[in-house]
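In short: position in the sequence shown from 1, add 4, done, that's my numbering.
We put the beta carbon where it would ideally sit given N, CA and C, even for glycine.
Here the structure is a predicted model, which is why all the values come from computation and not from measurement.
This report concerns only the one structure given below.
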Amino acid sequence: MSKKIDAALKDLKKALNKHAEVVGSKPVSLKKAQRATAQVAAAATNYAEIVHAKSGMGNPFDDMLQPGLDSGTLASLAAERDSIKNNITGPIPIKR
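See the structure below:
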């Protein structure tokens with residue numbers, strides 16, 4: 005293996021271990037979790053770039069599913085939100 009790939013892999017493993025440590029603790033700190041997630045993403049991007057530069061291979065993470073809602077659900081929710089927004093003509097009365 006190349007020294008650059010080895011170093012990038014080491015950084016990626018370190019970032020993943022840190023992420024697992026942070027999100028596995030109780031209580032989970034949102035800021036720490038976001039920071040750890042960003043570090044994993046940066047390390048994965050760096051690893052993919054080095055692998056591509058060395059071998060010409062594509063990103064090994066391309067086929068991974070993205071967490072969250074699928075595009076159809078997001079489109080449906082956006083359309084519903086826009087419909088509600090367009091039907092409101094004035095302030096919403098507050099019932100007490």
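CA-to-CA, the gap between HIS56 and VAL27 works out to about 30 Å. Annotation for ASN90: no residue places its beta carbon closer than 8 Å to its own, counting only its chain and skipping 5 residues before and after.
Between PRO97 and LEU81, the alpha-carbon positions lie close to 24 Å from each other. Rounded to the nearest angstrom, the gap between the Cα atoms of ALA40 and ASN21 is 9 Å. Within the same chain, ALA40 and VAL44 come within 6 Å of HIS23 by CB-CB distance, once the 5 residues on both sides are set aside. No residue range can be given for ASN63, since it is assigned to no alpha helix (DSSP H) and is classified by DSSP as neither H nor E.
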